[in-house]
Amino acid sequence: SITLSPSAGRLVSGSADGSLAIYKCYTAKEKKDLFPGSDRGENGVWKCVGTLPDAHDGIIYCVDYAPNKAGHGRIASSGEDGQIQVFREVSGSTSDHPKFVSEASVYSDHGDVN
């Protein structure tokens, strides 16, 4: 599962191994300045800037992201482990190296959550 936040230039993906990955979109100019020798095209580039390796015990079915710009800074996810997880972006983390901590976890006794 993936979610895109155009206003924050981020994409969050959930994986079959239970991990979440946070990607940042770098503009073509940023790409040229920050990643010399990378593709010389005029497009930007997506780079993984953070992971939550143990977000779930199993496949992640659904993920959503509300960026700090929206006043939230949270990732919500659910999956086959029956958990709904909410992660909050830590104050002071940077867009190039975001840090998230678990803020809430809810178990559903109805089985998979998606």
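Per full-length UniProt numbering, residue 1 is the first one in the sequence shown, and the count goes up by one each step.
We put the beta carbon where it would ideally sit given N, CA and C, even for glycine.
These numbers come from a predicted model, not from an experiment.
Give me whichever residues DSSP pairs with Ala76 in a beta bridge. For this step, residue 76 is matched to residue 76 along the sequence shown. Beta-bridge partners assigned by DSSP to Ala76: Asp64 and Val86.
Run through DSSP, which three-state label would Glu42 get? Here residue 42 refers to the residue found at position 42 when the sequence shown is read from its first residue. In this structure, DSSP gives Glu42 a state outside helix and strand, which the three-state scheme calls coil.
Decide if His97 is buried, meaning its Cβ has at least 16 other Cβ atoms within 10 Å, or exposed. Indexing the sequence shown from 1 puts residue 97 at position 97. With fewer than 16 Cβ atoms within 10 Å of its Cβ, His97 is classed as exposed.
What residue does the beta strand (DSSP E) around Ser105 start on, and which one ends it? Indexing the sequence shown from 1 puts residue 105 at position 105. Its beta strand (DSSP E) spans residues Phe100 to Tyr107.
Within 10 Å of its beta-carbon, does Lys29 have 16 or more other beta-carbons around it, so buried, or fewer, so exposed? For the purposes of this step, residue 29 is taken as the residue at position 29 of the sequence shown. The residue is exposed, with fewer than 16 neighbouring Cβ atoms inside 10 Å.
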